[in-house]
């Protein structure tokens, strides 16, 4: 049975199929429906406005009231009477006039005259006033209704058919017992299709209905027939290339008569048999029933995943597959060990092209060899261009499959099963699994040679033409050229066996027993290697030039904004992405540039940009005036959790710590709302990684820091645990002690101690000095060797030399920095450098 229907629709059908169900095939039919255009008088309901309700309420109590009387009761000033201190309010006058005019237009009231001197409810107005609705009738309004002519159940017809692309039926010859003009009949389902026109609940309705036009259509449908040999039942699945709704399937299966018509029609197309089931088939059915029972029990135990595994296990050991299901179970039969799949197809259609494209794309480690009849297709898939797919078009008389691994091979070939229904035996086509039952053991060798003969000459010619193109030096160009003969590589061992005729050898001037194709292939490889070698040289030269131009155009030492850092980093990434892993010299060059960019980013964040300090509770305990010590150019973020913890601690701590907390809270209260760089923030725990405990106080502070991730945040804390968590989230941290030291150093200047100032020499940045010091300070140590510090400075500050600052010795340079460093000499005479605790 061929697959004319879109494979996605088939896939959904197969996925819900039971193990014991056989997909027998499908038959086409048309599902007729009609669209009828009507013209009718339509009554539309509108809800009362507050003024409508008030006015109708007054007129229900007092049957007749004037405009002025209604206004007086409502408290509106609509007349001028200075003697009684009454002055006309134009706005109130217009509001009341508009409301009365609306009720009059809807036929709710009589007005006496144009001045509304005697307003009273009409009979219809009295009726509608109790409903709180007013009605307007539109004559000769047009609307359409949909009719399901297959089931005569019209409620869902519009929902089902309005978005489908039907076939227009010119000569409709189906008997129709529908009175399209029967108003009472069409009102039985109109509410479901046109609630804006007909809705008794809301008061919308129509009358005096007339048919303007009747159009007949049909949806092409395929009825897929499945038979369950365990339950001895049929199931119909309605399929359509336009996508399918369960509506069609449900309607067919709900009607025993309709369902039986489909089944009988399908069975009439099957071949009859006088023989009985074979023992092999009986064993297959018994095995399938056992697996289906196990799967049903697992589903009953609410273990759907285990049920799916049980079903997959069955397909790996069974020897029979119905022909439709096989195409969608084939994926389960392939493994990581499968190397080749050989397929012969008698009917290669659009559905199979899509299916095999998906399969070959997902399983790129498998080579697919397809022999099939010629086909014209509109399917937009490049199946023929996939490197792991080979197709030969020729006359094919049989469909079979051959799966090959390194150690084994098995085939699937067409056979038949016996289907016994009402004591009648039918034959259905299936695929049977066997180890080289068909084709025979020589099949692989024969097929490989057949494909080699077809593909090798063509692929060599295509590659030779391709290599004549002009290629820009780039990583992608080199990779494309390197893979240009990828489809040839499979046949590399066969190329030299494909000898040509002596006449052809003589014609081409080749006098050798070696295959001419072999010579062409070697020449192709030589051209390819030469072209790649040339492109690599050009590409490396181009990349070096790009990096040099990059450094010329982007003075990294002069960058003063993070935005510029991001831009040039993206530029460098583009260059790096075009760099091959074999270009070690260029990779080292890019690494060096990246390091300079990273250093520039750190410098900008630490020295130029304003920071957002998120201050932890423990910092206030040890340094209650911390907010006074943070420069006003920086922002101070106080987590609500920190404020809460401080408030609790003032009742728990004693003596100095308690005093510190009280002072900190007092200072926060004084500054908050008055000092612009201090603000509070509530934690958003949803932005934390799922592994983090949302009840942890530290994580409240972390979530606040994450809210400022793009605003140069720094968590100020003495909590080692919080330091570690912040590193996980890539948020900078600073201990209270480090902050206090750095903040003091930031106020120092070096110019007073330097003997000279060179215009071409960069001023010394204190942050760089401290960074160089900390880079070589070993854990547990409080000082570094003088010579080691000099080496660290050379690495940290580009072009650094103490001689540039007028010193003949490095120690003299350090002595000039006496505000920051002190020198110690041990008993061996080794000079050590120690950072002062200012």
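Numbering (the numbering used here), first residue to last: 1163 to 2000.
All C-beta atoms in this analysis are idealised placements derived from N, C-alpha and C, irrespective of residue type, glycine included.
Only a predicted model underlies this, so the values are computations on that prediction, with no experimental measurement involved.
field: At least three beta-carbon pairs within less than 8 Å, the region 1617–1624 to the region 1422–1432
entry: The region 1617–1624 is not in contact with the region 1422–1432.
Rounded C-alpha distance that separates residue 1757 from residue 1750: Distance from the CA atom of residue 1757 to the CA atom of residue 1750, rounded to whole angstroms, is 11 Å.
query: Buried or exposed: which applies to residue 1943, given that a residue is buried once 16 or more other Cβ atoms fall within 10 Å of its Cβ?
result: exposed
message: Using the three-state DSSP reduction, which class does residue 1193 fall into: helix, strand or coil?
response: strand
- prompt: In terms of residue numbering, what span does the beta strand (DSSP E) encompassing residue 1396 cover?
  reply: For residue 1396, the enclosing beta strand (DSSP E) covers residues 1395–1401.
- prompt: Among the residues of its own chain, which have a CB less than 8 Å from the CB of residue 1755, if the five just before and after it don't count?
  reply: 1709, 1712, 1713, 1718, 1734
message: Does residue 1397 pass the burial test, meaning 16 or more other C-beta atoms within 10 Å, or should it be called exposed?
response: buried
task: Taking 8 Å as the cut-off, decide whether the C-beta atoms of residue 1739 and residue 1730 are in contact.
output: no
task: Examine chain B for any beta-carbon lying closer than 8 Å to the beta-carbon of residue 1775, and answer yes or no.
output: The chain labelled as chain B is not found in the depicted structure, where only one protein chain is given.
message: Measuring straight from C-alpha to C-alpha, what distance separates residue 1128 and residue 1538?
response: For the chain, the structure presents residues 1163 to 2000; residue 1128 sits outside this window and is missing.
Cβ pair residue 1702, residue 1745 closer than 8 Å: yes
query: Are there three or more Cβ pairs, one per stretch, closer than 8 Å when the region 1244–1252 is compared with the region 1302–1309?
result: No: fewer than three Cβ pairs fall under 8 Å.
field: Selected residue, minimal CA-CA separation from residue 2003, among 1901, 1343, 1623, 1494
entry: Since the first residue of the chain shown is 1163 and the last is 2000, residue 2003 is not available in this structure.
- request: Return helix, strand or coil for residue 1388, following the three-state DSSP convention.
  value: In the three-state scheme derived from DSSP, where H, G and I count as helix and E and B as strand, residue 1388 is classed as strand.
query: How would you label residue 1190, buried or exposed, when you count the other beta carbons within 10 angstroms and need 16 or more for buried?
result: Exposed is the call here.
Candidates 1279, 1286, 1307: closest to residue 1298 by CA position: 1286
message: Would residue 1783 and residue 1819 qualify as a contact pair, given that the criterion is a beta-carbon distance under 8 Å?
response: Yes, these two residues count as a Cβ contact at 8 Å.
- prompt: Any idea what DSSP makes of residue 2003, helix, strand or coil?
  reply: Any answer about residue 2003 is impossible in this case: the structure gives the chain only from 1163 up to 2000.
- request: Count the other C-beta atoms from every protein chain shown that fall within 10 angstroms of the C-beta of residue 1182, then say buried if there are 16 or more, exposed otherwise.
  value: buried
Boundaries of the beta strand (DSSP E) in which residue 1505 is found, first to last residue: 1500–1507
Residue 1527 classed as buried or exposed, judged by whether at least 16 other C-beta atoms fall within 10 angstroms: exposed
message: When you compare the CB positions of residue 1385 and residue 1356, do they come within less than 8 Å of one another, or not?
response: no
task: Taking only the alpha-carbon atoms, compute the straight-line gap between residue 1589 and residue 1509 and give it to the nearest angstrom.
output: 20 Å
task: Pick out the complete alpha helix (DSSP H) segments inside the region 1718–1800, 4 residues or longer, and give them in chain order.
output: 1724–1739, 1746–1765, 1779–1784, 1788–1791
task: Could you tell me whether the region 1850–1864 touches the region 1788–1807, where touching means 3 or more Cβ pairs closer than 8 Å?
output: yes
task: Pick helix, strand or coil for residue 1994, following the three-state DSSP scheme.
output: strand
query: What is the C-beta distance between residue 1798 and residue 1870, in whole angstroms, given that I count them as a contact (C-beta under 8 Å)?
result: Their Cβ separation, rounded to whole angstroms, is 11 Å, which puts residue 1798 and residue 1870 out of contact at 8 Å.
message: Here's a check: name, in chain order, each residue in its chain whose Cβ is nearer than 6 Å to the Cβ of residue 1917, leaving out the five neighbours to either side.
response: Low confidence applies here, because residue 1917 scores a pLDDT of 45, under 50, leaving its location unreliable and the question unanswered by this model.
task: Have a look at 1187, 1940, 1795 and flag the residue whose alpha-carbon is nearest the alpha-carbon of residue 1488.
output: 1187
message: Taking only three categories from DSSP, how would you classify residue 1127?
response: Coverage of the chain is limited to positions 1163 through 2000, which leaves residue 1127 absent and any answer about it impossible.
- prompt: DSSP three-state call for residue 1804: helix, strand or coil?
  reply: helix
- prompt: How is residue 1180 classed by DSSP in three states: helix, strand or coil?
  reply: coil
query: In whole angstroms, what separates the C-alpha of residue 1698 from that of residue 1975?
result: Going by the C-alpha atoms only, they are around 49 Å apart.
message: Quick check: the Cα distance between residue 1395 and residue 1580, rounded to an integer number of angstroms?
response: 16 Å
- request: Spatial neighbours of residue 1994 within its chain, please: CB distance less than 8 Å, with the 5 preceding and 5 following residues excluded, ordered by chain position.
  value: 1945, 1946, 1947, 1948, 1985, 1986, 1987, 1988
Cut-off 6 Å between Cβ atoms - residues of its own chain near residue 1266, not counting five sequence neighbours on either side: 1273
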